[in-house]
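In my numbering, each residue's number is its place in the sequence shown (first place is 1) plus 1. No residue lacks a Cβ here, since even glycine has one placed at the ideal position from N, Cα and C.
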Amino acid sequence: MSQAIQQFYSQLVEVIHHLGWAEVIDVVVVALVLYQVLRLLRGTQGTQVLVGLVLLAVVGVVANQFNFVLLGWLFRNATFFIVVAVIVMFQPELRRALDQVGRLSRIGQLGRPLSGYNPGQYNLAISEAIRAAERLSSKRQGALIAFERSVGLEDYAATGVRINGEISAEVLQSIFYPNSPLHDGAVIVRGSKIIAAGCLLPLPEEGIVRERLGTRHRAALGLSLAFDALIMVVSEETGSISVIEEGKITRNLDGDGLRQRVSPKVAKGNGFFG
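Right under this line is the structure:
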């Protein structure tokens, strides 16, 4: 046994010694891609699908290695349908992956504010949203506020009522006042403006959510899994304030906690540093 281990170690050292820069870069790139894939799929149904795909790949290798004619034929002819099924099932994850690739093109724009806004206006807008959330929380009035970042939410803004007005705590309170026409939908914030209210957000797929969540939290989770938006939710039942991002829920935040989580992340997502 020790001789076999020593032989394996010697072969491994020899392979490493013969590695060139091209091979090292190749290994690093593949490792980074695999890491990003696992990161995107973590906590979603895609994890189970990925396990199934790995098992299928193992079956394909075994069929090829041992010349299983029928099994090999089935595997080769099913490849096209597997690819199509993967594209359909992984649609949200693929959208998020392409979004992250697209952000690389923004490198030259880092630090440049959105047209028509300056950092002072932007920070004031976030402060107003947080102030509204605190007031709504104290009265146990529900709220759902989505902050648009590098990926536009225009499709969801189109499902609500156009506002295109400067954000303020008073406006948000009036929108989410119980029984008002728009209080059940989401408010979408772009820069320092409320672009729409009463918007419908996508719900997550069945099986993804393993805990009991209200409609607002489910809608926020669904949007965060498909886009890079950061969403603030005020619970109507408990008054607790949560922030949801990339499928992760941070609960029971106070004003200071909201400022630490919302201000820098939303600002950086829109090209500000702060």
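For residue i, the first and last residue of its enclosing beta strand (DSSP E)
i: serine 243; result: 242 to 246
i: isoleucine 176; result: Careful: isoleucine 176 lies outside any beta strand (DSSP E), inside the alpha helix (DSSP H) at 170 to 176.
i: threonine 216; result: Segment 216 to 227 is the alpha helix (DSSP H) holding threonine 216; no beta strand (DSSP E) there.
i: lysine 249; result: 249 to 251
i: arginine 276; result: Since the first residue of the chain shown is 2 and the last is 275, residue 276 is not available in this structure.
i: alanine 147; result: 144 to 148
i: leucine 231; result: 231 to 235
Beta-carbon proximity of residue i to residue j, cut-off 8 Å
i: leucine 214; j: alanine 187; result: no
i: glutamate 149; j: arginine 191; result: yes
i: isoleucine 131; j: alanine 158; result: no
i: leucine 222; j: alanine 198; result: no
i: lysine 194; j: isoleucine 168; result: yes
i: leucine 54; j: alanine 64; result: no
i: leucine 125; j: glutamine 174; result: no
i: serine 225; j: glycine 248; result: yes
i: arginine 262; j: valine 234; result: no
i: alanine 147; j: isoleucine 242; result: no
Pairwise C-alpha distance: residue j and residue i
i: leucine 201; j: phenylalanine 69; result: 51 Å
i: serine 128; j: glutamate 135; result: 11 Å
i: valine 172; j: glutamine 142; result: 14 Å
i: serine 264; j: glutamate 155; result: 22 Å
i: isoleucine 250; j: glycine 61; result: 39 Å
i: serine 181; j: glycine 240; result: 18 Å
i: glycine 153; j: aspartate 255; result: 28 Å
i: aspartate 185; j: isoleucine 83; result: 40 Å
i: valine 29; j: glycine 21; result: 13 Å
i: serine 189; j: glutamate 238; result: Correcting the residue type first, residue 189 is isoleucine in the shown sequence and not serine. Going by the C-alpha atoms only, they are around 22 Å apart.
i: arginine 260; j: phenylalanine 177; result: 21 Å
i: alanine 23; j: leucine 33; result: 15 Å
i: valine 244; j: arginine 252; result: 7 Å
i: valine 25; j: glycine 166; result: 52 Å
i: phenylalanine 81; j: serine 236; result: 45 Å
Range of the contiguous alpha helix (DSSP H) that encloses residue i
i: threonine 160; result: Run containing threonine 160: none; DSSP gives neither H nor E here.
Outcome for residue i when other beta-carbon atoms lying within 10 angstroms are tallied against a minimum of 16
i: isoleucine 88; result: exposed
i: alanine 86; result: exposed
i: arginine 77; result: exposed
i: alanine 133; result: buried
i: alanine 230; result: buried
i: proline 205; result: buried
i: valine 162; result: exposed
i: phenylalanine 228; result: buried
i: serine 11; result: exposed
i: isoleucine 164; result: buried
i: valine 59; result: exposed
i: alanine 220; result: buried
Which of helix, strand or coil DSSP assigns to residue i
i: alanine 198; result: strand
i: glycine 73; result: helix
i: glycine 166; result: strand
i: glycine 153; result: coil
i: aspartate 27; result: helix
i: leucine 56; result: helix
i: asparagine 78; result: helix
i: glutamine 261; result: helix
i: asparagine 68; result: coil
i: asparagine 124; result: helix
i: glutamate 238; result: coil
i: glycine 61; result: helix
i: arginine 141; result: coil
i: glycine 256; result: helix
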